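Q: Quick one: the structure is below, questions incoming.
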Amino acid sequence: MILPDDEIERVLQEECPGPLDLESALTEETLGGAISHPALIMNAETSLAEVLKLMREADRGAVLVVTNEKLVGIFTERDVLLRVAGHAMDLEQMVVGELMTPDPVTLPADASVTFALNKMLVEGFRHIPVVDEQGKPTAVVSMRDLVEYLSGFFNRDVLNLPPDPRPSFRNRDGA
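So for the sequence shown, the numbering used here puts the first residue at 168; every next one is plus one.
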């Protein structure tokens, strides 16, 4: 059965939402389309116990740390592994401002997806704060956000992958 051109176009629009050209989307689309949730923002004097509880409950890998509404740092899963795990400390008394990564690299909200992806790959970041012109944090872009955004361009291919792409042999006779 051959579909008319308008029906083919409708099917393609349903299966491939957004720009059809990935390259132009990466350079023209801003981070607003890739960020999937609002930032977790905490005061620098918030206890580490409260920050860890919030990260766990919200299933987030980063918290933006502010003082007087200005971004002063970021606290990530990597900080937990390097600065918290294996160290004896009172989580109720320790404040996040003492363990955060100070003065993180930031991006403006109008940065392109390509620029953010490049920055993360080159500098080894998994999270980058997004700030407005006054330095006030508005969001966090994560590597996961970017991967999920990019996977939207490959709907048919991604959705049709087998659960385990490796061939499985039940016996050695076929090997």
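Ideal placement from N, C-alpha and C gives every residue a C-beta, glycine not left out.
Just so you know, these numbers come straight off a predicted model, no measurement behind them.
Which full runs of the beta strand (DSSP E) of 3+ residues lie inside the stretch 236-295, going along the chain?
A: Runs of the beta strand (DSSP E) inside the stretch 236-295: 237-243.
Q: Assuming V297 and L198 make a contact with CB atoms under 8 Å, what is their CB distance in whole Å?
A: Their Cβ separation, rounded to whole angstroms, is 6 Å, which keeps V297 and L198 in contact under 8 Å.
Q: Based on the DSSP secondary-structure assignment, which residues constitute the bridge partners of I202?
A: I202 is not bridged to any residue.
Q: Considering only residues of the same chain and omitting the five flanking positions on each side of P269, which have a CB-CB separation below 8 Å?
A: Closer than 8 Å at the Cβ level, and outside the excluded window around P269, lie V239 and G240.
Q: Comparing C-alpha positions only, which one of L215, E195, I202 and D173 sits nearest to M267?
A: With distances taken between Cα atoms, M267 lies closest to L215.
Q: Can R311 and R245 be called in contact, C-beta distance under 9 Å?
A: No, they are not a contact pair.
Q: Exposed or buried, I169, counting other C-beta atoms within 10 Å across all chains shown (16 or more means buried)?
A: Looking at its Cβ environment, which holds fewer than 16 other Cβ atoms inside 10 Å, I169 is exposed.
Q: Where does A306 fall in DSSP's three states?
A: Strand, per DSSP.
Q: Report yes if the CB atom of F242 is closer than 9 Å to the CB atom of M209, and no otherwise.
A: Yes. Within cutoff.
Q: Please name the residue in A255, P275 and R250 whose C-alpha comes closest to that of G264.
A: Checked all of A255, P275 and R250; the closest Cα to G264 is R250.
Q: Just mark S318 as buried or exposed, buried being the case when its beta carbon has 16 or more other beta carbons within 10 Å.
A: So S318 counts as exposed.
Q: Hey, how far is the Cα of S203 from the Cα of E174?
A: So the two alpha carbons sit approximately 31 Å from each other.
Q: Compare the Cα-Cα distances from K303 to each of A252, H254, L207 and V247 and report the closest residue.
A: For the residues A252, H254, L207 and V247, the minimum Cα distance to K303 belongs to L207.
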